[in-house]
Structure formats: C-alpha cells, structure tokens
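For reference, the structure is listed below as structure tokens.
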Amino acid sequence: MKVESNPILDFATSYVFPPFSELTGTDKIVAFGDHSHKCPVYVRQLAPCMAECPAGEDIRGYHRLLNGVDKSDNALKAAWETIVDANPFPAVMGRICPHPCENACNRQHHDESVAINAVEQVIGNYGIEAGLQLPGAGVDTGKRVAVIGGGPAGLSAAYQLRRKGHAVTIYDANEKLGGMVLYGIMGYRVDRNVLEAEIQRIINLGVETKMGVCVGIDITLAQLEQEYDAIFIAPGAQKGRALPVPGSAAIPGVTNAIDFLKNYEVQGDAISIGKKVLVIGDGNVAMDVARLALRLGSQASVVAGVPREEMACFQIEFDDAEREGAAMHYMSGALEVISGENGVQALRCAKMAKKVKGEDGWNSPIPFFRYKNTEETFDIEADMIVAAIGQSADLQGFESVTAGSQWLKVDRYFRLQGKENLFGGGDAIKVDLITTAVGHGRKAANSIDAFLKGLPLPEQGYREITKVHKQDVLYFVHSEQAKRETIELDNVVGNHDELLAALTEGEAKAESGRCMSCGLCFDCKQCLSFCPQEAVTRFRDNASGEVVYTNYSKCVGCHLCSLVCPSGFIQMGMGEGL
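Note that this note's numbering has the sequence shown beginning at 2, numbered continuously upward.
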C-alpha cells in the first residue's frame, strides 16, 4: 500500500540534534534564541492607584515605607509625613474615602486590591496619637490670600499656601471649620475628635479664621479683592435641593437632607424631628439621613425611584442602613405631600416602571430618568419628609464671577475665567468626593503660589501609568486583602460612636507587604538572577530606582529581565527605532 509522504512529519521524525556544546560570553543562549537591538531601560512610572487618587497622595511611597522597601527609623511616622505632603487629612480620609485608588490597583488582576484606605486610617490614627504636626510654614513672602470656605478644599489650600510662606485668612459662614465633613458626615463615621485634631494642625501653622462671616452678605467679594493679593473661592455645596412636588412648600416637617444633617450637628440630640421620617433619594446622603433618624429614636424609610441595583449609594452604605432598621421602598416616585393641621401626614407615591426603548429618557445616563410613573399609587405614612435629591453651591454675592451660573467655572489652573487673582475649587465647581476637594485645594494653592511669584502657572506633565500586562505578577504569592470590621449594634438609638474598626499596626504593615510597587523597582533581584549574560549589577545602598544597573556592553537584548520584572520598572527601550 502506497502512503502519501508528509515532509514536515518526515523532517521532525528524522531530525538529528547536534552535539551539545556550552557557549560563553555573548554567544550564550538568550530568551528568544536570537539577539535583539533593544536593551533595558529603567522607567519610573506612575502607579495606577496614585493616578486615581484625587488628593494626589504618594500611595506607593508610603506602602514602601511600611513594608520596609524604603528604610526609615520610624516607618509609620515616615508614612504619615509622606501622606500629609499632599493630604492633611489621612485619619478622616481613611474612614470615609470611597477609595477609587483600590479600583485601579493592579493587584486586583492577581488576587485582590491592596486595602489602601484601611492602611491610610492606621497611619492617620498614628499621627494623631503620636501628636505629629504638619510641616511648618514657609518663610514669609509678604503676600496675603483669602480663602472663602473652611471645608476640605479651603483647608487644603490654606495648608499648602502656609507651607509656601503666604499669609492666609479663612472666611466661613458657619461657626466651625470642616464644611460638609463636619455638617454632612455624622460622628458614627468620623469621630469629631479626629476631625478637630486634623483641622487644628492646619490652624497651628498660623492660619487666621473669621467664622460666621458670609462673603457676599457680610463682606463683598470686591472688598476682599482690594485687601488680598489672591482669593481662593471654595464655599462648597451646602444648599439642599427642595422637593419639587405639590404640597411640599412651606409645610412644617418637609426639609432637605443638607439642612437636616446640619441642624443636627448644631443642635445635637435635642433636635426635634418626626417619629416617622421618610427620606426621598437613593444616594449616600439619603442613607446618612435614615441612619441618623434611627439614632434619634425615629422610624426611617427610604423612597427610591429606581430598583436596588441602580441606587447611587455605595453597597456598604446601603447594607449599614438596612441592617440598622431602615425600610426600603424601590421603584417609587413621589407625587404629592399629604398634610393636615399638624403638618405632614403622608407621601403619595406612584409605582414606577422602566421606559421602553424610544421613550424620552429611556437611555439617560441618570438612572432615575430611565423610569416613569404608572397609574398605580399608594401612600406612605410619615410626619417628616427629607429630600435627599441633590445639592448645589450658594453663590449669592458672587454674581460678578458666576455670570448667572449656580457653579463656579475654572480653567485647568483652577483660575476663574477672566480673573487672574481669583481661583476656585471644591464642590462649588461640581459636587464630588471629599478627597477630590482636597486635591483641588492643593492644585489651586500651587497655581496661586506661582501667580503671586510672577511665575508661569504649573502644568500637569505627562507620566506613564504602569500597565499590569507589563508586570510579572506571578512573582507575588496569592494572599487575601485585609478586611476591616464594622461594629454591628443591636440598638442604634442614642449611639453615635464610630463603627469602622481600624486594622492593627501589624495588620497594616502586612497589608502594605502586598503592594506590588507598580512602576518602581523594589529590589526583588529577579533581573539579577535571570540575566543569562550576567549583565546586571546591584548597588543595594543606592536610592530607590537606582539599585540595579545594566552593563550594556554585555547585554544582547534578550528581554528576559523585562519579562521577569514584577513592578514593570524595566522596559526594552534603548535602541528603539534602530
């Protein structure tokens, strides 16, 4: 029988391997079997967690201190100093920041993200317990800056401006500093002693404060412009949106979330509220209102116009509110406030349904607008209704710079359009995270400093962000993320104690050990061990990022060092384009 020949199979089965011989020097076997014109270069990149931190923290830097990569006599103190270079509120942010940095952490593609926020809380707590103080004020420049608003943006700007030697005066309409961190976030989330300690450190730098002064009413913006060399406007968004349904206007018992939370902060447990509090909204603020009402001994219900999966609140906020006893009404739209002689009696609602394709708003980016009222109505009994449906800045008296807008408009330097000495930031630009406001304050302070010195305003330079596919993540042993515990109370009435339990210092340091130091060498010695040409030399006493060196006269461009680098610090770039 004749069998058709297969030349490839014939070659493979009849191939005779050449005799073995050991090669030396640049003739050694390399990764891809061939030499390359490319050699390794060491590129310090921006870690993705740092790129996503609105406050601009050196997250990689303080984890390297805690895990011992970068040496220090006191790792926690050095880590605290690293954080506060950008953010003077590590203890506060370690409790309330929703940590977008963790969503960007490259470790999540291997097992779980590093618990960055939990570690920050430990560092912040240490700073308070050890009585650490912020870097001192700079040499006096003779320049004066007014900061309008004593919230996170204004305080952040004041801190950075004092470091640069400028005199700072904060004007705030409230009696206490803190803005919405104080008046919008309850004590069970941030202990007031923690907030006061971190604010006081800023005041200790020589910041002057004028409390209870409302700019635009008690003093005009024009007057401040004559008195100060520059002004940073950050009044926040402390104006709650009113409920836009019939029967809600001027009815006792109908209010908005901002006023409700602020009134409690001012009056404490003596505040008078209803026994059946109905909260309209689906965000984190709505959950805060419901949880506060429960602590004041009232029943609390939340009315959301969307299903659970489309509610805007964070999962942990929802879980806490529901566990503590808040009732939830989904797919329910407010139609009318029913009132009697004594005020609110009920809220009339309509059952909502999803709009069909083609209907106005069916694909709106805002979930609420993707739903519509049906003919089915029902009443929910209540004697107090709180609308948690949004907030805005109160810019009365700022008409000369707002052009009728309810928000400030700034350029990339945080300078107001057409005003070289006026800058703005925080929630008055757009309601966002508290950590975003802190970042606004720092960036605006840098611009103000350059303006006062007659220098070009600072540009945000490009920095490459480390991509996980360029890292050998298999170097790292799989490990679980450290988890903080939330204290679960059987009865929350009258209890305003903090509920988020911090990690121990040992747990925080162990968690920092999971950091992959994305974009910066952490002296793992992988390149040294795997280089077949012995072209890599290690200088262990050198500065970070300068520990290893390639002898390019030995390198043949095999790419192996780049392939085994866990941090992505090594790239094959030298010789590119040849």
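Idealized CB from N, CA, C, for every residue including glycine.
Bear in mind that the values here come from a model prediction, so they are computed numbers and not experimental data.
(request) Would you please state the rounded distance, in angstroms, between the beta carbons of A388 and I252? I believe it to be under 8 Å. (result) By 1-based counting over the sequence shown, the position of residue 388 is 387. By 1-based counting over the sequence shown, the position of residue 252 is 251. In this structure A388 does not touch I252 by the C-beta definition: roughly 12 Å separates them, more than the 8 Å allowed.
(request) Would you mind reading off the limits of the alpha helix (DSSP H) that contains G95? (result) Residue numbering aside, residue 95 sits at position 94 when the sequence shown is read from its first letter. In the DSSP annotation of this structure, the continuous segment of the alpha helix (DSSP H) that includes G95 starts and ends at P91 to I97.
(message) For the structure I just gave you, are there three or more beta carbon pairs, one from the region 262-279 and one from the region 446-464, closer than 8 Å?
(response) As far as the Cβ criterion goes, the region 262-279 does not touch the region 446-464, which means the pair count is below three.
(message) Suppose the cutoff is 7 Å on Cβ atoms and the five residues either side in sequence are ignored; what does the same chain contact list for A105 look like?
(response) As a first step, residue 105 is located in the sequence shown; it is residue number 104 there, counting from the start. The answer, listed in chain order, is P49, C50, A52 and E53.
(request) Out of V411, E421, Q161 and G419, state which residue places its alpha-carbon closest to the alpha-carbon of G427. (result) Residue mapping note: residue 427 aligns to position 426 of the sequence shown, counting from 1. Among V411, E421, Q161 and G419, the Cα nearest to that of G427 belongs to V411.
(request) Measuring alpha carbon to alpha carbon, tell me which of G185, A159, I430 and V182 ends up nearest A231. (result) To locate residue 231, count along the sequence shown from 1; it is residue 230. That would be A159, whose Cα lies nearest to the Cα of A231.
(request) Determine the direct distance from the alpha carbon of G137 to that of E323, and round the result to whole angstroms. (result) Counting from 1 along the sequence shown, the entry for residue 323 is found at position 322. Counting from 1 along the sequence shown, the entry for residue 137 is found at position 136. Taking the Cα positions, E323 is about 45 Å away from G137.
(request) Just list the beta strand (DSSP E) runs in the region 201-246, keeping only unbroken ones of 3 residues or longer that don't cross its boundaries, in chain order. (result) Here the runs fully enclosed are 209-212 and 231-234.
(message) Closest to T221 by C-alpha separation, out of V123, V402 and A351, would be which residue?
(response) Looking up residue 221 in the sequence shown gives position 220. Its Cα nearest to that of T221, the residue V402 stands out among V123, V402 and A351.
(request) Establish whether the CB of L262 and some CB of chain D are separated by less than 7 Å. (result) Absent from the structure: chain D. Only one protein chain is present.
(request) From the DSSP output, in three-state form, read off D380 for me. (result) Reading the sequence shown from its first residue, position 379 is the one you call residue 380. DSSP places D380 in strand when its eight states are reduced to three.
(message) Please identify the residue among L561, R539 and C516 whose C-alpha is closest to the C-alpha of R65.
(response) Translated into the one-based positions of the sequence shown, residue 65 becomes position 64. Among L561, R539 and C516, the Cα nearest to that of R65 belongs to C516.
(message) Given this structure, state the Cα-to-Cα distance separating V123 from A291, to the nearest angstrom.
(response) On the sequence shown, position 122 is the one that residue 123 refers to. On the sequence shown, position 290 is the one that residue 291 refers to. So the alpha carbons of these two residues sit roughly 29 Å apart.
(message) Helix, strand or coil for K177? Go by DSSP, reduced to three states.
(response) Reading the sequence shown from its first residue, position 176 is the one you call residue 177. K177: coil per DSSP, three-state reduction.
(message) Could you compute how far the alpha carbon of I435 sits from the alpha carbon of N552?
(response) Position 434 of the sequence shown, counted from the start, is the residue given in the question as residue 435. Position 551 of the sequence shown, counted from the start, is the residue given in the question as residue 552. Roughly 48 Å between the two C-alpha positions.
(request) Quickly, what does DSSP pair M329 with across the bridge? List them, please. (result) The residue given as residue 329 occupies position 328 in the sequence shown. In the DSSP output, where bridge partners are listed per residue, M329 has V303.
(request) Report the option in V345, P308, Q109 and S563 whose CA atom is closest to the CA atom of M332. (result) Numbered from its first residue, the sequence shown carries residue 332 at position 331. Out of V345, P308, Q109 and S563, P308 has the C-alpha closest to the C-alpha of M332.
(request) Determine the contact status of V565 and F531, defining contact as a CB-CB distance below 7 Å. (result) Stepping through the sequence shown from its first residue, residue 565 is reached at position 564. Stepping through the sequence shown from its first residue, residue 531 is reached at position 530. A distance below 7 Å separates the beta carbons of V565 and F531.
(message) Using only the alpha-carbon positions, how far apart do A56 and H330 sit?
(response) By one-based count along the sequence shown, residue 56 stands at place 55. By one-based count along the sequence shown, residue 330 stands at place 329. Just so you know, the alpha carbons of A56 and H330 end up roughly 36 Å apart.
(message) Within the continuous beta strand (DSSP E) that includes D350, where are the two ends?
(response) Counting from one through the sequence shown, the residue named residue 350 turns up at place 349. In the sequence under discussion, the amino acid at residue 350 is Cys, which differs from the Asp named in the question. DSSP places C350 in the uninterrupted beta strand (DSSP E) bounded by G344 to K355.
(message) Just list the residues that DSSP pairs N374 with in beta bridges.
(response) In the sequence shown, counting from the first residue as 1, residue 374 sits at position 373. According to DSSP, N374 shares a beta bridge with M353.
(request) Answer yes or no: the CB of V195 versus the heavy atoms of the ligand PLP, is any distance below 6 Å? (result) Summarising the ligand content, the structure contains no ligands, and the ligand PLP is consequently not present.
(request) Look up S563 in the DSSP assignment and say whether it is helix, strand or coil. (result) Within the sequence shown, residue 563 is the residue found at index 562, counting from 1. DSSP places S563 in helix when its eight states are reduced to three.
(message) Using a 10 Å radius around the Cβ and a threshold of 16 neighbouring Cβ atoms, would you call Q572 buried or exposed?
(response) Residue numbering aside, residue 572 sits at position 571 when the sequence shown is read from its first letter. With 16 or more neighbouring CB atoms inside 10 Å of its own CB, Q572 falls in the buried class.
(message) Please identify the residue among Q534, P567, Y189 and G62 whose C-alpha is closest to the C-alpha of S554.
(response) Start at 1 with the first residue of the sequence shown, and residue 554 comes out as number 553. Minimum Cα distance to S554 is reached at Q534.
(request) Go through its chain and collect everything with a Cβ distance to L10's Cβ below 7 Å, but skip five positions before and after it. (result) Reading the sequence shown from its first residue, position 9 is the one you call residue 10. No residues qualify anywhere along the chain.
(message) Here's a check: name, in chain order, each residue in its chain whose Cβ is nearer than 8 Å to the Cβ of E1, leaving out the five neighbours to either side.
(response) Any answer about residue 1 is impossible in this case: the structure gives the chain only from 2 up to 579.
(request) Compare the C-alpha of Y414 against each of A383, G462 and F399 and name the closest. (result) Residue 414 sits at position 413 when you count from the first residue of the sequence shown. Looking at the Cα atoms, G462 is the closest of the given residues.
(request) Would you mind working out which of I381, A243, I272 and E547 sits nearest A258, comparing C-alpha positions? (result) As a first step, residue 258 is located in the sequence shown; it is residue number 257 there, counting from the start. Proximity to A258 across I381, A243, I272 and E547 peaks at A243, based on C-alpha coordinates.
(message) Restricting to Cα atoms, I'd like to know which of G306, A79, S545 and I234 is closest to A147.
(response) Residue 147 sits at position 146 when you count from the first residue of the sequence shown. The shortest C-alpha separation from A147 is found at I234.
(request) Go ahead and pull the three-state DSSP assignment for S401. (result) For the purposes of this step, residue 401 is identified with residue 400 of the sequence shown, where counting begins at 1. In the structure shown, S401 adopts helical secondary structure according to DSSP, grouped into three states.
(request) Keeping to the same chain, check which residues put their C-beta closer than 6 Å to that of A32; ignore five residues upstream and five downstream. (result) Along the sequence shown, one-based indexing puts residue 32 at 31. At A32, the pLDDT of 47 sits below 50, so the modelled position is not reliable; the number obtained from the coordinates is stated separately. Excluding residues within five positions, the ones whose Cβ falls inside 6 Å are C559, H560 and L561.
(message) Given a cut-off of 7 Å on the beta-carbon distance, is the pair A116 and Q482 in contact?
(response) The sequence position of residue 116 within the sequence shown is 115, counting from 1. The sequence position of residue 482 within the sequence shown is 481, counting from 1. In this structure, Q482 lies closer than 7 Å to A116 by Cβ.
(message) DSSP three-state label for M51, please.
(response) For the purposes of this step, residue 51 is taken as residue 50 along the sequence shown, with counting starting at 1. In the three-state reduction of the DSSP assignment, M51 falls in the helix class.
(request) Would you check if the region 198-217 and the region 285-300 touch, i.e. whether three or more CB-CB distances between them fall below 8 Å? (result) They do not touch, by the three-pair rule.
(request) From the DSSP output, read off the bridge partner residues of F424. (result) Walking along the sequence shown from the start, residue 424 turns up at place 423. F424 is bridged to F233 and R416.
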